[in-house]
Amino acid sequence: KFLHLLFLLPSAIADPNTWALLVCTSRYWFNYRHVANTLSVYDTIKKFGIPDNRIILMIPDDLSTNSRNAYRGSIINGRDSALNLVVDAEIDYTGDEVTGSKVAEILTGRIENGESRKMELDAESNVFVYMSGHGGDQFLKFQDTNEITSEDFSFLLDQMGLTKRYAKLWLMVDTCQSESLFGSIMAPNVIAMGSSRVGENSYAHRAERNLALPTMD
Numbered sequence: 067k068f069l070h071l072l073f074l075l076p077s078a079i080a081d082p083n084t085w086a087l088l089v090c091t092s093r094y095w096f097n098y099r100h101v102a103n104t105l106s107v108y109d110t111i112k113k114f115g116i117p118d119n120r121i122i123l124m125i126p127d128d129l130s131t132n133s134r135n136a137y138r139g140s141i142i143n144g145r146d147s148a149l150n151l152v153v154d155a156e157i158d159y160t161g162d163e164v165t166g167s168k169v170a171e172i173l174t175g176r177i178e179n180g181e182s183r184k185m186e187l188d189a190e191s192n193v194f195v196y197m198s199g200h201g202g203d204q205f206l207k208f209q210d211t212n213e214i215t216s217e218d219f220s221f222l223l224d225q226m227g228l229t230k231r232y233a234k235l236w237l238m239v240d241t242c243q244s245e246s247l248f249g250s251i252m253a254p255n256v257i258a259m260g261s262s263r264v265g266e267n268s269y270a271h272r273a274e275r276n277l278a279l280p281t282m283d
């Protein structure tokens, strides 16, 4: 029932108080699939009707211009090389801006004036948070320089609840052992979903011959 109310009903999608934060936590060519994962979700929710002014997109690296990219100027997800996921993407944070602490600032509303776009959340907001990258038991890495732990997720969602920054929140994490990130979450009206269980890896697939790497997880 929660998922239908939050995102599957057209009325919920069209609600001007439905927001999304989409985060790729990896950079470098060999992590192409994490960029494609995030851009695929971005493409999907836009088709569902959530506009760019209610989506915060965080991508550390511009792999569309990488010299090894056989589809120069494009990011694909393996299903159709003609589908360029990045062509109309409005990326809000990139490079060293993509950190665990910046994610926390965005969700809790601690963004200073003059910085990139904010999430104007309140007690009636429906919020979707998606993250894709490398992780392990109770942590998600950001560009191999910092991380968010399961306790961080719990504290962050508690703060959002206490400051009335959501009505319902859907957290989806695509990484190894993603289920281990959710064990401490006690905040109300939160659904947490992961691509793998505790002790389980999240595997790449859709290998693309011309790119010589997988394009999706």
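Residue numbering for the sequence shown is 67 to 283, as defined by this note's numbering. Ideal Cβ placement from N, Cα and C applies to all residues, glycine included. These figures come from a predicted structure and were not determined experimentally.
Cα-Cα separation, residue i to residue j
i, j, result
"Val256", "Gln204", "18 Å"
"Met238", "Lys207", "15 Å"
"Ala189", "Tyr232", "5 Å"
"Gly249", "Ile214", "14 Å"
"His271", "Lys113", "24 Å"
"Ala258", "Asp218", "14 Å"
"Leu277", "Arg93", "16 Å"
"Leu72", "Arg275", "Interpretation of Leu72 is limited by its pLDDT of 49, a score under 50 that renders its predicted location unreliable; no figure is taken from the coordinates."
"Leu173", "Met185", "7 Å"
"Ile121", "Lys230", "19 Å"
Residue j beta carbon less than 7 Å from that of residue i
i, j, result
"Ala102", "Thr281", "yes"
"Pro117", "Gln209", "no"
"Val89", "Met124", "yes"
Span of the alpha helix (DSSP H) around residue i
i, result
"Gly227", "Ser216 to Leu228"
Boundaries of the beta strand (DSSP E) in which residue i is found, first to last residue
i, result
"Thr302", "The requested residue 302 does not occur in the structure, where the chain is confined to residues 67 to 283."
"Trp95", "Looking at the DSSP string, Trp95 is not in any beta strand (DSSP E), and its letter there is neither H nor E."
"His200", "First-last for His200: undefined, no H or E at that position."
"Pro280", "Leu279 to Met282"
* **At least three beta-carbon pairs within less than 8 Å, the region 218-227 to the region 262-271** => no
* Scan the region 111-193 and note each continuous beta strand (DSSP E) run of 3 residues or more that stays entirely inside, going in chain order. => 121-124
* contact_flag[the region 158-178, the region 132-141] where n(CB pairs < 8 Å) is 3 or more -> No, they do not touch.
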